[in-house]
Amino acid sequence: LNASFETPVQTCADCYTLFTAIPGSPWVTVAGLASVWRPAGHFAALPDGSQVTPVGFSGSGSQIYQELSATLLADTTYTLTFFVGQRSDYLFGGYNVSLDADNGGSLTGLASDNGGAPAPGLFVERTIVFNSGSSPQVGQNLLIDISTPAGNNQASFDLFALSTPNVSGTPEPGSLALGGFGLLVLVA
121 LNASFETPVQ TCADCYTLFT AIPGSPWVTV AGLASVWRPA GHFAALPDGS
171 QVTPVGFSGS GSQIYQELSA TLLADTTYTL TFFVGQRSDY LFGGYNVSLD
221 ADNGGSLTGL ASDNGGAPAP GLFVERTIVF NSGSSPQVGQ NLLIDISTPA
271 GNNQASFDLF ALSTPNVSGT PEPGSLALGG FGLLVLVA
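First residue of the sequence shown: 121, per our numbering; consecutive thereafter.
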């Protein structure tokens, strides 16, 4: 939800709203500074929409997260894609984005990324892939966590998407029958 940080809508160029919880949005600030920002002239182009979230500024490290309504399934491949950007006028000090399992406040990191190095004024797309197998975290809520280190630096983020293209398991009997019928039609 609010994957491109388009809520709340900023109506003027370079407007931003600092948040601890965006009204109507599931992103929550844990530490430091984060905002919903309509940048003007700081990026060549945005990956999606007209707003992003910059995480970090001066001082301590910053962290935001979103707990998803989805739970971790067994034998499932999860692909988390997102864009990370560097403002043309501010230092980029790195970041960490992780897909976590939440067991009532006790987080387990499943997979993470901190390797994107965008040039000033640009965004790069990043991908995190995780296969759950028979993980002990199966059934726990999934969480997307974004953090930046302490210092006078910032990373901007846009367009998060989580997909599960490869869900494995035992086919339903009806699916097997339909597949068999399809093969008979092809043979005929």
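All C-beta atoms in this analysis are idealised placements derived from N, C-alpha and C, irrespective of residue type, glycine included.
How should residue i be labelled, buried or exposed, when 16 other C-beta atoms within 10 angstroms of its C-beta is the threshold for buried?
i	result
D278	buried
V204	buried
D265	buried
G236	buried
T131	exposed
Measure the C-alpha to C-alpha separation of residue i and residue j and round it to an integer number of angstroms.
i	j	result
Y185	T173	12 Å
A320	F243	As shown, the chain starts at 121 and ends at 308. That puts residue 320 outside it, with no answer to give.
S283	L200	7 Å
G241	G181	22 Å
N223	V129	33 Å
Q171	G225	30 Å
W147	L211	24 Å
L219	W157	24 Å
S232	F202	12 Å
E187	T247	19 Å
T149	S267	10 Å
E245	S276	12 Å
G271	G253	38 Å
F163	A281	21 Å
Using a Cβ-Cβ cutoff of less than 8 Å, which residues in the same chain neighbour residue i once the five nearest sequence positions on both sides are dropped?
i	result
A221	L192, L227, T228, L230, S255, Q257, Q260, N261, L262 and L263
N234	G214, Y215, N216 and V217
F285	Note that residue 285 corresponds to Pro in the displayed sequence, not to Phe. Only T197 and T199 meet the Cβ criterion.
Could you pull out every residue in the same chain whose Cβ sits closer than 7 Å to the Cβ of residue i, ignoring the five residues on either side in sequence?
i	result
F177	L153 and Q274
P269	G181, G213 and G214
A151	S180, G181, S182 and Q183
Starting from the C-beta of residue i, find all residues in its chain whose C-beta is less than 6 Å away, skip the five residues before and the five after it, and write them out in chain order.
i	result
S288	A caution first: S288 carries a pLDDT of 48, below 50, which makes its placement in the model unreliable, though a value can still be read off. Closer than 6 Å at the Cβ level, and outside the excluded window around S288, lie D195.
Q206	F212, P238 and P240
V249	T199
N251	T197
A160	A133 and D134
L121	P146
A190	L262
E126	G169 and Q171
Assuming the contact rule is C-beta atoms closer than 8 Å, residue i and residue j should be a hit. Round their C-beta distance to whole Å, please.
i	j	result
D168	S208	So it is not a contact: roughly 19 Å between Cβ atoms.
For chain D, is any of its Cβ atoms less than 8 Å away from the one on residue i?
i	result
E245	Of the protein chains in this structure there is only one, and it is not chain D.
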